[in-house]
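Residue numbers (the working numbering), protein chains in the order written: chain W, 268 to 401; chain C, 3 to 363.
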């Protein structure tokens with residue numbers, strides 16, 4: 268039992284140390300306590316949607332930086348934020364901005380296709396956001 | 003060195019604080035499930051059973067999942083809702099302490115399953131729940147303040163302080179980690195807060211006033227200060243009060259401005275782990291009205307109260323009368339300690355001067 272107790276405490280401290288180091292030292296963290304450190308790469312594409320469900324690309328380039336990161340209208344680029352939550356919030360806002368302020372002819376909605384990669388070597392995944400919501 | 007290590011981790015001791023933590027963790031989880039959280043939405047709160055995981059559609063419905071945990075069975079939304087209801091029942095049982103030896107591990111396993119099954123892992127307060135639930139699963143958390151303790155025949159068995167120490171280290175590690183993670187340009191310049199404000203992350207009726215009073219730099223720097231001092235200050239008696247006071251101000255402020263569900267309550271309730279584990283070691287002799295009031299507010303069982311002329315004796319043998327005695331009592335009661343701390347600063351300074359004078363003499 269004494270050995271088990273020591274092993275339990277050392278194991279707990281080891282896991283805690285691992286999580287802290289992994290959160291702050293490794294670039295591809297996913298265990299982070301910090302909400303803005305969960306995603307490494309984000310790329311957003313925008314498209315218009317018409318009443319029949321047809322889509323075509325929307326030009327949101329004034330609001331997107333050259334590296335694919337999102338830049339909000341009326342705002343500086345938030346280049347040190349690398350969190351999916353922040354990006355999806357902004358993608359939603361850009362969609363809403365485009366469809367309510369500068370809608371293309373025939374468009375009834377705007378969609379943002381948010382592609383993100385959570386680990387440097389991981390696969391790309393996709394979330395589709397829509398404004399107004401379906 | 004080895005003796006000190008063993009004494010710190012494995013000395014025999016009281017585990018009432020672990021039982022209190024069980025109540026707080028269960029209570030916070032219950033509040034989360036019932037949607038009973040958030041001073042920022044104080045005008046919208048309706049107590050109801052939320053038979054759906056918060057954001058389940060967003061978290062689970064989009065198939066967004068960590069590829070490392072692909073081996074975890076994929077459930078439908080309805081099945082996730084059912085598990086969520088199960089978690090609600092588990093939180094209730096954990097809070098009242100019924101069947102804790104089974105409920106605590108089951109609740110921890112269920113919570114970990116949620117995390118492995120979805121991107122809950124990206125929500126920091128879910129990680130905090132997971133850590134505490136795992137520790138409670140192995141802790142003697144039902145020895146006190148529980149239905150299990152009421153149903154048990156005889157006194158609680160002797161315990162070691164290991165589970166208490168593990169939780170204390172966990173709280174400090176969380177604060178250290180989050181402080182370290184914020185030591186970057188965004189937080190030091192205040193820009194982080196500007197972005198949060200610009201993205202409508204600050205909500206509720208209090209946010210405009212608080213934001214106008216403070217601004218991005220003050221909020222950022224106070225966040226760094228409070229989390230930084232909590233990461234080590236809770237461990238030492240000299241800084242514990244300041245750390246807890248800063249932490250309460252920080253988390254109350256967050257709860258008044260941001261939708262972080264029960265995160266603020268989780269962290270504030272963890273300060274109970276740093277209380278003196280031996281109850282009623284401070285003796286208060288007071289007039290009847292004050293004795294009655296002190297007994298009513300002494301939720302953490304810090305005081306032994308008798309009636310008579312006002313006097314306080316602290317566990318380390320110091321005796322106080324008059325206003326100093328009132329301050330010492332106020333510092334030990336959950337509702338009055340912030341005011342007692344703030345009002346006591348002049349006494350502290352005066353006390354130092356007196357000591358210095360005595361030494362000089």
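C-beta: ideal position from N, C-alpha, C; glycine also.
Computed from a prediction, not measured in an experiment: that's the story for all the values here.
Residue i touches chain W at which residues, Cβ-Cβ below 9 Å?
i, result
"residue 164 of chain C", "272, 275 and 276"
"residue 12 of chain C", "269, 272, 273 and 276"
"residue 252 of chain C", "The premise fails here: residue 252 of chain C is roughly 15 Å from chain W at the closest Cβ pair, so nothing lies under 9 Å."
Sort out for me which residues DSSP pairs residue i with in a bridge.
i, result
"residue 2 of chain C", "Within the shown structure, residues of chain C are numbered from 3 to 363, placing residue 2 of chain C beyond reach of any answer."
"residue 113 of chain C", "In DSSP, residue 113 of chain C forms no bridge with anything."
"residue 284 of chain C", "C:305"
"residue 377 of chain W", "W:315 and W:398"
"residue 161 of chain C", "C:15"
"residue 323 of chain W", "W:315"
"residue 73 of chain C", "Paired residue(s): none; residue 73 of chain C is not in a bridge."
"residue 360 of chain W", "The partner list for residue 360 of chain W (beta bridge, DSSP) is empty, contrary to what the question assumes."
"residue 229 of chain C", "Its beta-bridge partners do not exist; DSSP assigns none."
"residue 393 of chain W", "W:382"
List the residues of chain C whose Cβ lies closer than 8 Å to the Cβ of residue i, in chain order.
i, result
"residue 364 of chain W", "Per Cβ cutoff of 8 Å: no residues; residue 364 of chain W is ~13 Å from chain C at best."
Counting only Cβ pairs nearer than 9 Å, list the residues of chain C close to residue i.
i, result
"residue 287 of chain W", "175, 178, 179 and 182"
Throw me the rounded Cβ distance for the residue i and residue j pair, which I believe falls under 8 Å.
i, j, result
"residue 299 of chain C", "residue 282 of chain C", "14 Å between Cβ atoms; not a contact."
"residue 332 of chain C", "residue 339 of chain C", "6 Å"
"residue 89 of chain C", "residue 114 of chain C", "Not quite, the Cβ-Cβ distance comes to about 12 Å (not below 8 Å), so this is no contact."
"residue 172 of chain C", "residue 17 of chain C", "So it is not a contact: roughly 16 Å between Cβ atoms."
"residue 150 of chain C", "residue 99 of chain C", "5 Å"
"residue 246 of chain C", "residue 236 of chain C", "7 Å"
"residue 14 of chain C", "residue 162 of chain C", "6 Å"
"residue 302 of chain C", "residue 277 of chain C", "6 Å"
"residue 286 of chain C", "residue 262 of chain C", "At roughly 37 Å, the Cβ-Cβ gap does not stay under 8 Å, so residue 286 of chain C and residue 262 of chain C are not in contact."
"residue 164 of chain C", "residue 382 of chain W", "Wrong, their Cβ atoms sit about 46 Å apart, outside the cutoff."
"residue 283 of chain W", "residue 175 of chain C", "5 Å"
Can the beta-carbon of residue i be found less than 8 Å from the beta-carbon of residue j?
i, j, result
"residue 135 of chain C", "residue 27 of chain C", "yes"
"residue 376 of chain W", "residue 398 of chain W", "yes"
"residue 380 of chain W", "residue 368 of chain W", "no"
"residue 43 of chain C", "residue 156 of chain C", "no"
"residue 22 of chain C", "residue 307 of chain C", "no"
"residue 358 of chain W", "residue 316 of chain W", "no"
"residue 30 of chain C", "residue 267 of chain C", "yes"
"residue 39 of chain C", "residue 264 of chain C", "yes"
"residue 374 of chain W", "residue 361 of chain W", "no"
"residue 371 of chain W", "residue 318 of chain W", "no"
"residue 92 of chain C", "residue 74 of chain C", "no"
"residue 107 of chain C", "residue 139 of chain C", "yes"
"residue 329 of chain C", "residue 344 of chain C", "no"
"residue 289 of chain C", "residue 312 of chain C", "yes"
"residue 41 of chain C", "residue 85 of chain C", "no"
"residue 32 of chain C", "residue 97 of chain C", "yes"
"residue 131 of chain C", "residue 25 of chain C", "no"
"residue 198 of chain C", "residue 225 of chain C", "no"
"residue 212 of chain C", "residue 270 of chain C", "no"
"residue 1 of chain C", "residue 181 of chain C", "Outside the displayed range of chain C (3 to 363) lies residue 1 of chain C, so it cannot be described from this structure."
"residue 168 of chain C", "residue 190 of chain C", "no"
"residue 284 of chain C", "residue 334 of chain C", "yes"
"residue 102 of chain C", "residue 133 of chain C", "no"
"residue 287 of chain W", "residue 179 of chain C", "yes"
What does residue i reach in chain W if we use C-beta pairs closer than 8 Å?
i, result
"residue 168 of chain C", "276 and 279"
Any heavy atom of the ligand PLP within a distance shorter than 7 Å of the CB on residue i?
i, result
"residue 232 of chain C", "Questions concerning the ligand PLP fall outside what the structure shown contains, since it holds no ligand whatsoever."
Check the Cβ-Cβ distances between residue i and every residue of chain B, and say whether any is below 8 Å.
i, result
"residue 95 of chain C", "The chain inventory of the structure shown lacks chain B, comprising the protein chains W and C."
Give, in chain order, every unbroken run of the alpha helix (DSSP H) that is at least 4 residues long and sits entirely within the segment 289–357 of chain C.
-> 290–299 and 324–333
Whole runs of the alpha helix (DSSP H) within the segment 164–217 of chain C, excluding any shorter than 4 residues = Qualifying alpha helix (DSSP H) stretches, in chain order: 164–184, 187–191, 193–200 and 209–216.
Considering only residues of the segment 6–48 of chain C, which uninterrupted alpha helix (DSSP H) runs meet the minimum length of 4 residues and lie entirely inside it, listed in chain order?
-> Counting only runs of 4+ residues, the alpha helix (DSSP H) found wholly inside the segment 6–48 of chain C occupies 18–36, in chain order.
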